[in-house]
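Colleague: When we follow my numbering, the leftmost residue of the sequence shown carries the number 31, and every step to the right adds one.
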Amino acid sequence: MSRPEESGAEGARWAGPRPEGSEPEGPRRVGPGSGGSRPEESGAEGARWARAPWGEGRSETASAPAERTGSWLPLRTLTHTTPAGPVAIPLDDLDPYRDLDDPVPPARLEADEAAQWQRVFDGAVAVLAGAGAEPGPGRLDPAAVRAVVPYGRTAVTPPAPPTVGVSASSGDSFGAMLISRPASPLALAETLVHEFQHSKLAALLHLFPLLDDDREECYYAPWRADPRHLTGLLHGAYAFTGVAGFWRDRLAEPEHAEAAAYHFALRRLQSRLVVRTLLTSARLTAPGRRLVTGLARTLDGWLREPVDPAALARARTAAALHRTQWRLRNVAAPAGPDGALRFRPDRGFWPDTRSHTFATRPADPRTPDEHLAAGDPAAALDGYAEDLARDPADPHARSGWIVARAVLVPGHATRRPLARPELLLPRPSG
Numbered sequence: 031m032s033r034p035e036e037s038g039a040e041g042a043r044w045a046g047p048r049p050e051g052s053e054p055e056g057p058r059r060v061g062p063g064s065g066g067s068r069p070e071e072s073g074a075e076g077a078r079w080a081r082a083p084w085g086e087g088r089s090e091t092a093s094a095p096a097e098r099t100g101s102w103l104p105l106r107t108l109t110h111t112t113p114a115g116p117v118a119i120p121l122d123d124l125d126p127y128r129d130l131d132d133p134v135p136p137a138r139l140e141a142d143e144a145a146q147w148q149r150v151f152d153g154a155v156a157v158l159a160g161a162g163a164e165p166g167p168g169r170l171d172p173a174a175v176r177a178v179v180p181y182g183r184t185a186v187t188p189p190a191p192p193t194v195g196v197s198a199s200s201g202d203s204f205g206a207m208l209i210s211r212p213a214s215p216l217a218l219a220e221t222l223v224h225e226f227q228h229s230k231l232a233a234l235l236h237l238f239p240l241l242d243d244d245r246e247e248c249y250y251a252p253w254r255a256d257p258r259h260l261t262g263l264l265h266g267a268y269a270f271t272g273v274a275g276f277w278r279d280r281l282a283e284p285e286h287a288e289a290a291a292y293h294f295a296l297r298r299l300q301s302r303l304v305v306r307t308l309l310t311s312a313r314l315t316a317p318g319r320r321l322v323t324g325l326a327r328t329l330d331g332w333l334r335e336p337v338d339p340a341a342l343a344r345a346r347t348a349a350a351l352h353r354t355q356w357r358l359r360n361v362a363a364p365a366g367p368d369g370a371l372r373f374r375p376d377r378g379f380w381p382d383t384r385s386h387t388f389a390t391r392p393a394d395p396r397t398p399d400e401h402l403a404a405g406d407p408a409a410a411l412d413g414y415a416e417d418l419a420r421d422p423a424d425p426h427a428r429s430g431w432i433v434a435r436a437v438l439v440p441g442h443a444t445r446r447p448l449a450r451p452e453l454l455l456p457r458p459s460g
């Protein structure tokens, strides 16, 4: 399972069949006068009937869990308070169409896990509120989220990782998103912003033709392991521009400042690179060009904003590492007779571990990546050379060797391998 810019899934449905004459519903306001329940369907104490995104079912909240009655399982919700009253967002672990693939059976969350979802969501709401009420790139009113589908775990054990491992959304279910629960509210807040950006762009794509995409997967996306088509690039650029804005809003928060400086610097750089690819592709329609030109204007302004030099250096190094490893793993040498990229037949998925490794400066670096993130390219170069001596074909070590050498000895001789690393087999020597 992956994000839309990582899967290209289209036509997937999140929720069950829509009853005739009904409309999709988003978060439901509950409370006196809200129409949140129907008297004849009130059921067990503490429970209420609620309409799921496309159908009807029971609902429960963390503060007032409903009991199973007969063949019914209550629909859980994530709740938070707004100036207009409480908002309940479905936490959907039941609907057979909640996944992005074939129908799936219910994966009922244990009560403790549902409570953890509410705890992390409460923290994410607080993070998002820190940016203020004014709209802007990377800002989100959580009440706009229409459903959250928990992925990959139903119990509190083993402990959740600090970051989101999997998230995804579908263009056919606005505001709904599948997320593997992290332990960190900050990570959940970032993911809510990311996936809602996809929903907004999907809505625009339903309304306007933004580009003429031949679906050829031949473009570099800095957040992907494989080549992408233009629609995927546009989705990624729009989503990660929002993510850059999210981190920009965290720069003034002392507890997040170091990570925010790095992520803001990294995502604005990567998003601007993809925006340039889109603008030079000659495939954008007039509405698409207006949209992407607007992204470029925003990103160009952000690129002129000062960022902590150490975080900026780590971000630039991480970006160079990803692009170098992507070319080593995907691009065959030499290029085709028309200059077009030729792709390796043995290319496959590889995990991007470096983007997180470089987020903060390691206090006690041990691996070559950590030495490079700590600002010691000489030690990193020696470590990569040792790794290459054991496995000369290791793309991770080879990309690290190329980038560390370019940082240590800047100049034309080291820039060329950065541009076309597939043309050069680096030798494991300083």
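Ideal Cβ positions, reconstructed from N, Cα and C, are used throughout, including at glycine.
For clarity, every value in this text was computed on a predicted model and none was experimentally measured.
Quick one: is Gly201 buried, meaning 16 or more other Cβ sit within 10 Å of its Cβ, or exposed?
Modeller: Buried, by the Cβ-count rule.
Colleague: To the nearest angstrom, report how far apart Leu325 and Tyr249 are at their CA atoms.
Modeller: Taking the straight line from one Cα to the other gives about 19 Å.
Colleague: Please report the distance separating the alpha-carbon of Phe151 from that of Ala363.
Modeller: Those two C-alpha atoms are separated by around 47 Å.
Colleague: Could you name the residues that DSSP lists as bridge partners for Val175?
Modeller: In the DSSP output, where bridge partners are listed per residue, Val175 has none listed.
Colleague: If contacts are defined as beta-carbon pairs under 8 Å, then Gly153 and Gly275 qualify, I think. What distance do you get, rounded to the angstrom?
Modeller: Gly153 to Gly275, Cβ: 20 Å. No contact.
Colleague: Do you know offhand how far Gly441's Cα is from Thr221's?
Modeller: Rounded to whole angstroms, Gly441 to Thr221 spans 38 Å at the Cα level.
Colleague: Under 8 Å, with one C-beta from each stretch per pair, do the segment 394-411 and the segment 352-363 reach the 3-pair mark?
Modeller: No, because fewer than three Cβ pairs between the segment 394-411 and the segment 352-363 fall closer than 8 Å, the two stretches do not touch.
Colleague: I'd like the list of long-range same chain contacts for Thr315, defined as Cβ closer than 8 Å, with 5 residues on each side in sequence excluded.
Modeller: Phe238, Pro239, Leu240, Leu241, Asp242, listed in sequence order.
Colleague: Under the three-state reduction of DSSP, which class applies to His286: helix, strand or coil?
Modeller: Coil at His286, not helix or strand.
Colleague: To which residues of the same chain is Gly272 closer than 7 Å at the C-beta, ignoring the five residues directly before and after it?
Modeller: Cβ within range, chain order: Pro167, Gly168, Val223, His224, Gln227.
Colleague: Should Ala77 go down as buried or exposed, given a rule of 16 or more other Cβ atoms within 10 Å for buried?
Modeller: Note that Ala77 scores 34 on pLDDT, short of 50, meaning its location in the model is unreliable; the coordinates nonetheless yield the value given after this. So Ala77 counts as buried.
Colleague: With a threshold of 6 Å on Cβ separation, who are the neighbours of Thr444 within its own chain once the five nearest residues in sequence on each side are excluded?
Modeller: For Thr444, where only same-chain residues beyond five positions count, the Cβ hits under 6 Å are Arg435, Ala436.
Colleague: Could you give the distance in angstroms between the alpha-carbon of Trp332 and the alpha-carbon of Arg298?
Modeller: So the alpha carbons of these two residues sit roughly 7 Å apart.
Colleague: In the DSSP output, what is Tyr249 paired with across the bridge?
Modeller: Beta-bridge pairing links Tyr249 to Arg258.
Colleague: Since Ala118 is in the beta strand (DSSP E), which residue starts that stretch and which ends it?
Modeller: Looking at the DSSP string, the run of the beta strand (DSSP E) that includes Ala118 is 115-121.
Colleague: When DSSP labels each residue in this structure, what does Pro104 get in the three-state scheme?
Modeller: In this structure, Pro104 counts as strand in the three-state DSSP scheme.
Colleague: For Val439, does the count of other Cβ atoms within 10 angstroms reach 16, so buried, or fall short, so exposed?
Modeller: So Val439 counts as exposed.
Colleague: Please report the straight-line C-alpha distance between Glu246 and Pro257, rounded to a whole angstrom.
Modeller: Straight-line Cα distance between these residues: approximately 9 Å.
Colleague: On the DSSP letters alone, give me the boundaries of the beta strand (DSSP E) that Ala206 sits inside.
Modeller: Residues 206-209.
Colleague: DSSP three-state call for Arg88: helix, strand or coil?
Modeller: Reliability fails at Arg88, whose pLDDT of 46 lies under 50, so the model's placement of it is uncertain and no value is given.
Colleague: Specify the secondary structure class of Leu281 as computed by DSSP and reduced to three states.
Modeller: It is coil, neither helix nor strand.
Colleague: Any contact between the segment 329-343 and the segment 370-381? By contact I mean 3 or more CB pairs, one from each, below 8 Å.
Modeller: No, they do not touch.
Colleague: Considering only residues of the segment 287-368, which uninterrupted alpha helix (DSSP H) runs meet the minimum length of 4 residues and lie entirely inside it, listed in chain order?
Modeller: 287-309, 316-333, 339-360, all fully within the segment 287-368.
Colleague: By the three-class DSSP mapping on this structure, what secondary structure does Pro447 have?
Modeller: Pro447 falls in the helix class under three-state DSSP.
Colleague: Excluding the five sequence neighbours on either side, which residues of its own chain have a C-beta within less than 8 Å of the C-beta of Arg183, listed in chain order?
Modeller: Glu143, Ala190, Ser210, Arg211, listed in sequence order.
Colleague: Going by DSSP, what residues sit across from Phe373 in a beta bridge?
Modeller: Answer by DSSP bridge pairing, in chain order: Val361.
Colleague: Specify, as a first and last residue, the run of the alpha helix (DSSP H) that Thr466 falls within.
Modeller: Residue 466 cannot be examined here, being either before or after the span of the chain that is shown, 31 to 460.
Colleague: So, at 7 Å on beta carbons, what are the nonlocal neighbours of Pro392 in its own chain, with the 5 sequence-adjacent residues on each side left out?
Modeller: Glu400, Ala403, Ala404, listed in sequence order.
Colleague: I believe Leu463 touches Val305 by the beta-carbon criterion, under 8 Å. Please report the beta-carbon distance rounded to the nearest angstrom.
Modeller: Nothing about residue 463 can be reported from this structure: the residues present for the chain run from 31 to 460 only.
Colleague: Just verifying my parser: in three-state terms, what is the DSSP assignment at Leu241?
Modeller: Strand.
Colleague: Answer yes or no: do Leu124 and Pro136 have a C-beta to C-beta separation smaller than 8 Å?
Modeller: Cβ distance < 8 Å, so Leu124 and Pro136 count as in contact.
Colleague: Specify the secondary structure class of Thr397 as computed by DSSP and reduced to three states.
Modeller: Looking at Thr397 - three-state DSSP - the assignment turns out to be coil, as it is neither helix nor strand.
Colleague: In whole angstroms, what is the alpha-carbon distance linking Thr387 and Ser101?
Modeller: Straight-line Cα distance between these residues: approximately 47 Å.
Colleague: Looking at the strands, I want to know which residues DSSP matches up with Pro180.
Modeller: DSSP output for Pro180 lists Ile209 as bridge partner(s).
Colleague: With DSSP run on the structure shown, which of helix, strand or coil describes Thr112?
Modeller: Strand.
Colleague: How big is the Cα-Cα spacing for Pro451 and Pro180?
Modeller: Answer to the nearest angstrom: the Cα atoms are 40 Å apart.
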